[in-house]
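Participant:
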Amino acid sequence: MSNKIKINLKVNGENVTYEVEPQENLLRALRNNFNWDVKCGCEAGECGTCSVLLDGKEVKSCLTLAAACDGHEIWTDKGLGLNDRLTARLQEAFVECGSVQCGFCTPGMIMAGVEYLKNGGKADRKAIKYAISGHLCRCTGYIKIVDAIYKVAEEIEEGALA
Ligand code: FES
Ligand code: FES
Numbered sequence: 013m014s015n016k017i018k019i020n021l022k023v024n025g026e027n028v029t030y031e032v033e034p035q036e037n038l039l040r041a042l043r044n045n046f047n048w049d050v051k052c053g054c055e056a057g058e059c060g061t062c063s064v065l066l067d068g069k070e071v072k073s074c075l076t077l078a079a080a081c082d083g084h085e086i087w088t089d090k091g092l093g094l095n096d097r098l099t100a101r102l103q104e105a106f107v108e109c110g111s112v113q114c115g116f117c118t119p120g121m122i123m124a125g126v127e128y129l130k131n132g133g134k135a136d137r138k139a140i141k142y143a144i145s146g147h148l149c150r151c152t153g154y155i156k157i158v159d160a161i162y163k164v165a166e167e168i169e170e171g172a173l174a
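If you read the sequence shown in the numbering used here, its first letter stands for residue 13, the second for the next number, and so on.
1) Just checking my contact of residue 60 with residue 69 at CB under 8 angstroms: how many whole Å lie between their CB atoms?
2) What residues in its chain sit with their C-beta under 6 angstroms from that of residue 167, if we drop five residues either side in the sequence?
3) If you draw a straight line from the alpha carbon of residue 23 to that of residue 136, how long is it in whole angstroms?
4) Kindly give me the distance between the Cβ atoms of residue 37 and residue 77, rounded to whole angstroms, as I take these residues to be in contact under 8 angstroms.
5) Can you give the Cα-Cα distance for residue 101 and residue 109, rounded to whole angstroms?
6) Pick helix, strand or coil for residue 30, following the three-state DSSP scheme.
7) Count the other CB atoms within 10 Å of the CB of residue 142; is the residue buried (16 or more) or exposed (fewer)?
8) Would you list the residues sitting across from residue 85 in a DSSP beta bridge?
9) Below 8 angstroms, how does it come out for the stretch 148–158 and the stretch 82–92: are there three or more Cβ pairs, yes or no?
10) Determine the DSSP secondary structure at residue 50, reduced to helix, strand or coil.
11) Any chance the CB of residue 115 is under 7 angstroms from a heavy atom of ligand 2?
12) Going by the CB atoms, is the gap between residue 163 and residue 105 shorter than 8 angstroms?
13) Who are the Cβ neighbours of residue 165 in its own chain at under 7 angstroms, not counting the five residues just before and after it?
The following block contains the structure:
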């Protein structure tokens, strides 16, 4: 007999009901329901690639119990990019700055960058490095990722994204 439970979520602006195991993490619940832009790396809270916004705050979905998200709102990199101008601009900036190589870390890096910028983060390389410090990238050396977030922060400061 299945001991699955039903949870109601708002995922990328859409009301959904997922059936999850009591111990299932949010990462698996999202991927089991076709949100494959949420990547599974370490599943131990170390790489950051599984990051999503939960009620506007970046969380590592592998460390988040799906059942505890009942009634809450989740945005993933793909959904946010389609609905939010700042996120779409940051995604473009990652391409322009060559911040993507294999791309595995990219959704999580975008989530970290979005949270940084939405909280008023400035064009400050040291602060940006701190903002992405919970995320691992095996390809880029991080500099181009910082460049992309820096570029969008500058555009915000100049009023170009107002
Ligand atoms: S998969 Fe969640 S932090 Fe690595
Ligand atoms: S681009 Fe490959 S892990 Fe970051």
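Every residue, glycine too, gets a C-beta built ideally from N, C-alpha and C.
Facilitator: On the basis of the data shown:
1) On the sequence shown, position 48 is the one that residue 60 refers to. On the sequence shown, position 57 is the one that residue 69 refers to. Not quite, the Cβ-Cβ distance comes to about 14 angstroms (not below 8 angstroms), so this is no contact.
2) Taking the first residue of the sequence shown as position 1, residue 167 is located at position 155. Answer for residue 167: 173, listed in chain order.
3) Here residue 23 corresponds to residue number 11 of the sequence shown, with the count starting at 1. Here residue 136 corresponds to residue number 124 of the sequence shown, with the count starting at 1. Their Cα atoms are separated by approximately 32 angstroms.
4) On the sequence shown, position 25 is the one that residue 37 refers to. On the sequence shown, position 65 is the one that residue 77 refers to. That pair is a contact at about 6 angstroms.
5) Translated into the one-based positions of the sequence shown, residue 101 becomes position 89. Translated into the one-based positions of the sequence shown, residue 109 becomes position 97. So the two alpha carbons sit approximately 12 angstroms from each other.
6) Position 18 of the sequence shown, counting from 1, holds the residue named residue 30. Reduced to three states, the DSSP call for residue 30 is strand.
7) In the sequence shown, residue 142 corresponds to position 130, counting from 1. So residue 142 counts as exposed.
8) Here residue 85 refers to the residue found at position 73 of the sequence shown. DSSP lists 22 as partners of residue 85.
9) Put simply, the stretch 148–158 does not touch the stretch 82–92. Fewer than three CB pairs are less than 8 angstroms apart.
10) In the sequence shown, the residue the question calls residue 50 occupies position 38. Coil, per DSSP.
11) Counting from 1 along the sequence shown, the entry for residue 115 is found at position 103. True, at least one ligand heavy atom lies under 7 angstroms from that Cβ.
12) Locating residue 105 in the sequence shown gives position 93, where the first residue counts as 1. Locating residue 163 in the sequence shown gives position 151, where the first residue counts as 1. In this structure, residue 163 lies closer than 8 angstroms to residue 105 by Cβ.
13) Here residue 165 corresponds to residue number 153 of the sequence shown, with the count starting at 1. Around residue 165: 129, 133, 134, 135.
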